[in-house]
Structure formats: structure tokens, C-alpha cells
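**Student:** Residue numbers (my numbering), protein chains in the order written: chain R, 154 to 454; chain P, 233 to 728. Structure incoming, see below.
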Amino acid sequence: MEYRFDSVDDVRTRLKGADYLSDEGTAGVVYLGDRLQKPVLVEGPAGTGKTQLAKSVAEITGARLIRLQCYEGLDESKALYEWNYKKQLLRIQAERNNETNWEEIETDIFSDEFLLTRPLLEAIRAEEPVVLLIDEVDRVEVETEALLLEILSDYQVSIPELGTVTAKQIPLVFLTSNNTRELSEALKRRCLFLHIDYPDMEREKEIVLTKVPDITETLADQVARIVRSIRQLELKKSPSVSETLDWARTLVLLGVESVTEADAVDTINILLKYQSDIAKAVKELSDDKGGQRRGLGKVGP
Amino acid sequence: MTDTVVPGADPTFVGGPMLELLAGFIRELREAGLPVSLTENLDAMEAVRHIPLEDREAFKYALAATLVKNNTHWRAFETVFEVYFSLRGRQYELSDELSDLFGPAEDEDGQDPPEGMDGMRGSGGGGEALSPEELAEMLYKALMEGDEALMRALARQAVKRYAGMEPGRPVGGTYYLYRTLRNLDLDAVLDKLMQQAKADAPDLTRLEERLERDEYETRIEQLKKEVEAEIRRRLVADRGVEAMAKTLRKPLPEDVDFMHASREEMVSLRKAIYPLTRKLAVRLARKRRHGRKGPLDFRNTVRHSLSYGGVPAEPKFRYPRPTKPEIFVIADISGSVAAFARFTLHLVYAISGQFSKVRAFVFIDGLDEVTRFFEGVDDIAEAVHRVNTEADVVWVDGHSDYGHAFEVFWQRHGREVTSKTTVMILGDARNNYHASQSWIIKEMQKKARHVFWLNPEPRSYWDTGDSIVGEYGIHCDGTFECRNLRQLEKFVDLLA
Chain R
154 MEYRFDSVDD VRTRLKGADY LSDEGTAGVV YLGDRLQKPV LVEGPAGTGK
204 TQLAKSVAEI TGARLIRLQC YEGLDESKAL YEWNYKKQLL RIQAERNNET
254 NWEEIETDIF SDEFLLTRPL LEAIRAEEPV VLLIDEVDRV EVETEALLLE
304 ILSDYQVSIP ELGTVTAKQI PLVFLTSNNT RELSEALKRR CLFLHIDYPD
354 MEREKEIVLT KVPDITETLA DQVARIVRSI RQLELKKSPS VSETLDWART
404 LVLLGVESVT EADAVDTINI LLKYQSDIAK AVKELSDDKG GQRRGLGKVG
454 P
Chain P
233 MTDTVVPGAD PTFVGGPMLE LLAGFIRELR EAGLPVSLTE NLDAMEAVRH
283 IPLEDREAFK YALAATLVKN NTHWRAFETV FEVYFSLRGR QYELSDELSD
333 LFGPAEDEDG QDPPEGMDGM RGSGGGGEAL SPEELAEMLY KALMEGDEAL
383 MRALARQAVK RYAGMEPGRP VGGTYYLYRT LRNLDLDAVL DKLMQQAKAD
433 APDLTRLEER LERDEYETRI EQLKKEVEAE IRRRLVADRG VEAMAKTLRK
483 PLPEDVDFMH ASREEMVSLR KAIYPLTRKL AVRLARKRRH GRKGPLDFRN
533 TVRHSLSYGG VPAEPKFRYP RPTKPEIFVI ADISGSVAAF ARFTLHLVYA
583 ISGQFSKVRA FVFIDGLDEV TRFFEGVDDI AEAVHRVNTE ADVVWVDGHS
633 DYGHAFEVFW QRHGREVTSK TTVMILGDAR NNYHASQSWI IKEMQKKARH
683 VFWLNPEPRS YWDTGDSIVG EYGIHCDGTF ECRNLRQLEK FVDLLA
């Protein structure tokens, strides 16, 4: 068995090469996912690069990315496979005049030719290396999750009419979840778990520097600091990394060299999307009354 | 967590002892309430084989990825991990000299930080000479410059000097933490740092000032963590892994008892409640959409039967009309159950989109409607706070009087209870031996759709002392023990 990565550091450097700045944990879990041949369940707030992780891993391993976007009502015929019944009908019609017996037609119409592969089956049957991304798995119903179990633990799909299709190569599987509901134990058990949180300030700064061209070091630093401050407030929706990037880009476009209060207040609607959050942040950023804002949390015995 | 202690430093660590240690580690995780299955256990064993043992950080993530499948359990995991793995090594014996890094305090204050633990164990002497003032001075500098290595060393030094740890005392370490931090007086240090920052750059705008403060606060948090870690290390060295893990064991956020939550637990509960409400809202909405079918739509069925020659082959059903209950929450907010009432109000309001109308009443011995505090408010925490400070709920002496409170409710709002109303009563029914007036509940039950009673006390305490929940309970459609988030969540799920 060929491994895709040599070490955790290898994962990290190569991801960095693809402009994805991972932390120790992320790289470590991706590495383990490869070594243990287990799917990786990535969870975390929206906009922290969960989907991007799968894309970047596909990019650095030179694998094809197969993506299954989950939604409510997703079923077998959309996720796994479907029989192309129109084609089957045609086949039966075409046979009508010939003197073929029924058994022959039956075996014929349930053959590979009439099978429509959907993402999961496609990932299993692919000859070349593949990264399978099952996006927002928390959107499907608990019952539908069961569809995934066989493929996740054994990398195979059982089709009653055809038999079991086993993987030609073990794909690297990523599942993402926004945690809108508790996933079933069975699913979790089969996966390695990775929680991606908002990056710390240093890493966010790095990300801004990599992703936003023409930004100065000072501005990036300031942006990261302000975002960190805002995330400490109790908001409905904290700014995500992608929103930080949008904000940084806006500031660059506006030709801002150093963020003043006025700049921050004027452009804050890019970081925050709820009116109440904006009001709160503006209030916090522009009137800071010395040490009264927030105690250091006294410790009692 | 940039500790450089390596579990693999000792060559005998790999193999048998390692397995044993892992087994103990997993046992402790289970004791702490984390659901670790057998497969996950095996996965963990397999995972560590692929990780270079000298990389402690990777080792930690390997275990976390295989064993912890829920982010709220992360803290519990981290604590157990720290106890089991970061504390191995001779350098943690209490008698050891940890503080030899410093020469005289006027030195280049750690410009040349040591390369991890080994540097700190060097030759003896020197460190003991550090006076409290010098220590404070160095700490100030370290925080100013964000010098992590120096901060870590100083944390050690501070614990050694101030915590006054006595071998063999069975405590969890909070006391030592308190003593150390009190001596360091970090609030004053922060003020000093901010003054310095202002002095350095007099034209600091408020925004910049705030950013500076945030930066220092982060560093101080870091320092606190170091101090705490150091105390734990020393405690583990003193008392052994298992005993320590047991002392530090804390309930998971969803199992924390509302009534006995510590301040810190309260904070984590508050944090847990937001994602919980979101989850519940999604689940309820989904249940609505996919819930049972509506009743048979006769006209529609007949109309469709025409295409089958009059045979009603395809029954049609009415679109299910979702019942959106109108909810009345009547909550006891006297001291004993306040925390619980707060959470329940919080939860009910947060998912109020799922209910057609939510009205809230609070009482102690008087009763007041507090719905107005919630109207048009985005920040529920703020509203709950206003409820606790502004609502007029005291009638005579401010001791719970359920009977009187119900009387007032029935008088003022009894007519508004209709067959669409679900009434939720929150309280421990500790009535201070006043009259129960349970006939009101009986009347209420007749008029309302449902009457539920949520009691934050363990079931075994019910009907002991002045608790008369049984007397009310017989008239309710259900009484529920509701002591933690898990139980509360289950109840709300049932409600919709």
C-alpha cells in the first residue's frame, strides 16, 4: 500500500504549497486519515475552510475530487447509483422481435451498461486516485446517513442485482458538518474527527497575507487583531475566515494603510451580517471605557 | 500548548507500558463520561503507531481524532491528556530545581530562551535569589514582549514561590491556583502594561488601545494556563496519575447540574446553549415538515378518482397543519432555582420561532409578566438579566410562595389560557409550608392543552421537606426532572 504522505510535516508543507495554511491538528488528522485509511469528519463553524481542506488535499495529491453535496431528501438514487430504466425499457423493446429468452434479457439489463453511477459509487469504482468529499453531511436525515456507512467502513457498495463493488483504490474521504444536528454514533465511530475552529491571530494574519495580494504586513496584522477582538464579543455569528479575507480585500481596495475607527465602522458590514451584531461591535470598538469593559475573571478558591 | 515534554523520551515507554498507559487513559476518559467505543479504542492504538512518539502535539491530535467525536468534550479530553501524558518525566518531582534559568534579574531577561525543559534543569543556584519584586518585574517584561519561554519559566517560579503546595494534601489545585494568581496580581499588571502602552504612544486611538489590551489579555490568559499546568504537574508528581485524574474529573457540559454549576461551568453552559438552540430549531422545523400526514382530504381524493374511473385508487391527504403551541412559561426565580429558570427561558425564547407565541411569567411570592423584556430584543442574555433585576416579583418577604403566585396568575391571566396553550411551570415546588392552592393547577389543566412541570431537583428529593411537587404533579400532564442540558433538550424536543 502506497501512502500519500511521508509525515505530518509533509502534509503541512504541501498544503502550504497549495495556499492552505493548516495547523498542527489539521495536518495530523489528514495524515492519519491516509495512514489508517479512515474517513475524516471535519466539523466547525461556517467559513473556516472545511470544504477547502478537501479541495486542497485533492490538489496536492493530484487526485480527482468527487463531491457529494448533501441536502434534505437526498436518497440512494442520487448518492449511490440508479438503474437507467429508460435504457432498460429500450433494450426490452428492441428484443421483442428477436427470439431471445427472458433470462438473457434480465441478466443483460442489470449489467454495468445500464447502471448510472452517482458520486459515492463513482469514487469507489475510479481507477485513478480520488478524494471524495461528502459536504454538509448534517443536512441529510438520520436514516439517510445509513447509506454512507458501508462505503465509509469497507469502501464497498452492495448492489443487489450486481453484487458487491469493492474499491479499486482506497479514496481519501472527507465529510464536513456544520453541526446543525448530532450525527449518529455509527457514523462518528467510523470516522476520524477533526474540529476546525477559527484560527488564532498569528495564523489568521498568515492567511490574510497569503490570500490577499498587495496587502501590507502592518495592515494584515491590524486586520487579524481587530477580528480577534470582534470574535470575543457574544455575537449571533462571528466573522469567518472568508469574511476576514473579504474585509482585508476591501480595505486594500479602498487604499487604507492603517485601520482607524472610522474605517472599521464604515466597512464592518462586510465582517458582520446581522444588524444587531453590527451595532454591538460598533459600540464596542468605538467606546472602550478603560478597564471596565471586561474583568480578567477573578479566580476564587 | 507548546510544551516539549516527550512521552517517548524514555525508551521503555514504547510497547507494553505504552499500551497499559493508553488503556488507563481510555478508562479515565470513559469515567469522565466520554463515549469511547471498542473500535475507537482500537483505532487509537493503531493511530499512535503511525505517529512519531517524540512529537507530543501530534500524539495528542492522534488520540483526539480517534477518541473524541464531539467538540464539547474537548476540554475534558485535554485535562485527562495533560494528566496522563504531559507530566511524565523526572523533571516534575517536587524537590527538583526548576528555576535555574535566571541569573540575576537584571540579566538580558531571557533574550536567549532555553530549548525546552532540559535547559531549565541545568545547574543549581541562582533562581532562589529572585526576590518577589524581581519576579514581578520580569513577569511584566515577559508579558510586555510576549516572550513565551520566559513566561513559562516564570509561571513555574511563581507556583513554586507562592502556591505553598504541601505534599499529600488531597485537593484539586484550584486553591493553589488562586493563591498564586493573587500574589501575582495580574489585574494590576495589566493596568501597568496599558499605562506603559499609553505612555509609549500618547496618540493611541481608542481602537488601537483596545487592540493593545486584547493582546495583553491574551498573553495573561496564556500565563494563567501555564500556572495551572504547572500546578497540575506538581500535583500529579505528588499524588499519582489516577488519583489526580479522579480529582479533576468534571461533568461534561451537557451533564452539568444547573443548580450546582460553578461560575466557570455557567460560562461554558451559556456557550453551549446557543448551538443547542440552533440544533433544536432545525430539528423541530424538520419534524414539522416531515411529520405525519394530515387527515384524508375527501374532495381531493374523489377528484383524483375520476382518472381511475371512479375508483379512489390514490388517496389524497390534507396538508398537515402544524400545531404551533402557544407557550406560557411560569418560572420560579427565587435564589435556589434561578439558574435553571434562566436557562429554560433562554432556550424557549431562542427557539420561539417554532412557537406561535411565548409568554413568560416569573415569580417568587408575587408574580409579574416579563414578556415585554424579550420583545424586539436580539440579545436574550441581556433580556434574561433584565428579568432578574427589574421584574416585580416580591410580595411579602421574598421567599417562594407558589400558592400565592398561582393565585395572582389565575386572577390576572387565567382567562388568557386557552385550549391552544401549553403551560410550563418551572420550579422545585419548595413552598415554605404555605398553602399550595393546587386547585388552580387543576383548573388550568382543564382549560389548557397541556400543563407540564419541570423540576430541577433530582427525583429522589421530590416531596421531601417543604417540596410539594407531588401535590401539583397529579394535576399536570407530566412532571419532568430537568437538571441538565441533556434533559432540558429532551423535554423541548417532546414539546414541539
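Even glycine gets a Cβ: it sits at the ideal position worked out from N, Cα and C. As the structure is a computational prediction, the values presented were derived from the model and not from experiment.
At a CB-CB cut-off below 8 Å, which residues of chain R make contact with glutamate 486 of chain P?
**Tutor:** Near glutamate 486 of chain P there are no residues of chain R at all, since even the closest Cβ is about 11 Å away, more than 8 Å.
**Student:** Could you tell me the alpha carbon to alpha carbon distance between proline 557 of chain P and aspartate 162 of chain R, rounded to whole angstroms?
**Tutor:** Spanning the two alpha carbons is a distance of roughly 55 Å.
**Student:** Check whether chain P comes within 7 Å of phenylalanine 158 of chain R, counting only Cβ atoms and requiring the distance to be less than that.
**Tutor:** With its beta carbon at least 7 Å from every one in chain P, phenylalanine 158 of chain R lies outside the interface.
**Student:** Taking the alpha carbon of serine 269 of chain P as the reference point, which residue from R:Leu340, R:Ala401 and R:Val164 has its own alpha carbon closest?
**Tutor:** R:Leu340
**Student:** Flag lysine 208 of chain R as yes if its beta-carbon sits less than 7 Å from any beta-carbon of chain P, otherwise no.
**Tutor:** By this cut-off, lysine 208 of chain R is not an interface position.
**Student:** Mapping DSSP to helix, strand and coil, what is valine 391 of chain P?
**Tutor:** Correct three-state label for valine 391 of chain P: helix.
**Student:** Have a look at valine 210 of chain R and serine 330 of chain R and give me their C-alpha separation to the nearest angstrom.
**Tutor:** 18 Å
**Student:** Whole angstroms are fine: how far does the CA of serine 699 of chain P sit from the CA of aspartate 489 of chain P?
**Tutor:** 19 Å
**Student:** Along chain R, in chain order, which residues have C-beta atoms closer than 8 Å to that of tryptophan 306 of chain P?
**Tutor:** His348, listed in chain order.
**Student:** Considering only residues of the same chain and omitting the five flanking positions on each side of cysteine 344 of chain R, which have a CB-CB separation below 6 Å?
**Tutor:** Excluding positions up to five away in sequence, the list reads Pro192 and Leu194.
**Student:** In chain order, what residues of the same chain lie with their CB nearer than 7 Å to the CB of serine 382 of chain R, ignoring the 5 residues before and after it?
**Tutor:** none
**Student:** Just list the residues that DSSP pairs methionine 476 of chain P with in beta bridges.
**Tutor:** BP columns for methionine 476 of chain P are empty, so no partner.
**Student:** Tell me serine 539 of chain P's beta-bridge partners as DSSP assigns them.
**Tutor:** In DSSP, serine 539 of chain P forms no bridge with anything.
**Student:** Looking at the strands, I want to know which residues DSSP matches up with threonine 653 of chain P.
**Tutor:** P:Glu558
**Student:** Is the Cβ of arginine 718 of chain P closer than 7 Å to any Cβ of chain R?
**Tutor:** no
**Student:** If we count Cβ pairs, one from each stretch, closer than 8 Å, do we get three or more for the segment 396 to 404 of chain R versus the segment 423 to 434 of chain R?
**Tutor:** yes
**Student:** Using a Cβ-Cβ cut-off of less than 8 Å, list which residues of the segment 495 to 518 of chain P approach chain R; keep chain order.
**Tutor:** Arg495, Pro507, Arg510, Lys511, Val514, Arg515 and Arg518
**Student:** Using a beta-carbon distance cut-off of less than 8 Å, what residues from the segment 373 to 393 of chain R approach chain P?
**Tutor:** Gln375, Arg378, Ile379, Arg381, Ser382, Gln385, Glu387 and Lys389
**Student:** Under 8 Å by Cβ, that's how I've got valine 594 of chain P and alanine 623 of chain P pegged, so tell me the actual separation to the nearest angstrom.
**Tutor:** 5 Å
**Student:** Is the number of C-beta pairs between the segment 258 to 278 of chain P and the segment 285 to 300 of chain R that are closer than 8 Å three or more?
**Tutor:** no
**Student:** Could you say which of R:Ala180, R:Leu438, R:Ala216 and R:Lys208 lies nearest to proline 324 of chain R if we only look at CA atoms?
**Tutor:** R:Ala216
**Student:** Return the residue from the list R:Ala432, R:Arg378 and R:Gln322 that minimises the CA-CA distance to glutamate 155 of chain R.
**Tutor:** R:Gln322
**Student:** Let me see if you follow: with CB-CB separation under 7 Å, is aspartate 432 of chain P close to chain R or not?
**Tutor:** no
**Student:** With distance defined between alpha-carbon atoms, name the residue in R:Val283, R:Gly181 and R:Ile379 nearest to proline 272 of chain R.
**Tutor:** Per the Cα distances, R:Val283.
**Student:** Using a Cβ-Cβ cutoff of 9 Å, what residues of the segment 188 to 206 of chain R are near chain P? List them in chain order.
**Tutor:** Arg188, Leu189, Lys191, Val193, Leu194, Glu196 and Gly197
**Student:** Whole angstroms are fine: how far does the CA of aspartate 432 of chain P sit from the CA of glutamate 496 of chain P?
**Tutor:** 36 Å
**Student:** Give the list of continuous alpha helix (DSSP H) stretches no shorter than 4 residues that lie fully inside the segment 163 to 232 of chain R.
**Tutor:** 177 to 189, 203 to 214 and 229 to 232
**Student:** Does the segment 361 to 372 of chain R come within contact of the segment 232 to 241 of chain R, defined as at least 3 CB pairs closer than 8 Å?
**Tutor:** no
**Student:** Do glutamate 458 of chain P and alanine 387 of chain P come within 7 Å of each other at the CB atom, strictly closer than that value?
**Tutor:** Cβ atoms of alanine 387 of chain P and glutamate 458 of chain P: closer than 7 Å.
**Student:** Which whole-angstrom value is the C-beta distance of isoleucine 559 of chain P and valine 580 of chain P, which I expect to be below 8 Å?
**Tutor:** Here isoleucine 559 of chain P really is in contact with valine 580 of chain P; their C-beta atoms are around 6 Å apart, less than 8 Å.
**Student:** For the segment 410 to 426 of chain R, list every residue whose C-beta sits within 8 Å of some C-beta in chain P, in sequence order.
**Tutor:** Val412, Thr413, Glu414 and Ala417
**Student:** Any idea if alanine 415 of chain R is buried or exposed, counting beta-carbon neighbours within 10 angstroms, 16 or more meaning buried?
**Tutor:** exposed
**Student:** Under three-state DSSP, which class holds alanine 592 of chain P?
**Tutor:** strand
**Student:** Would you kindly work out how many angstroms separate the C-alpha atoms of arginine 438 of chain P and arginine 445 of chain P, rounded to a whole number?
**Tutor:** 10 Å
**Student:** Whole angstroms are fine: how far does the CA of histidine 666 of chain P sit from the CA of histidine 645 of chain P?
**Tutor:** 22 Å
**Student:** Going by alpha carbons, who is nearest to arginine 342 of chain R out of R:Leu315, R:Ala373 and R:Leu302?
**Tutor:** R:Leu302
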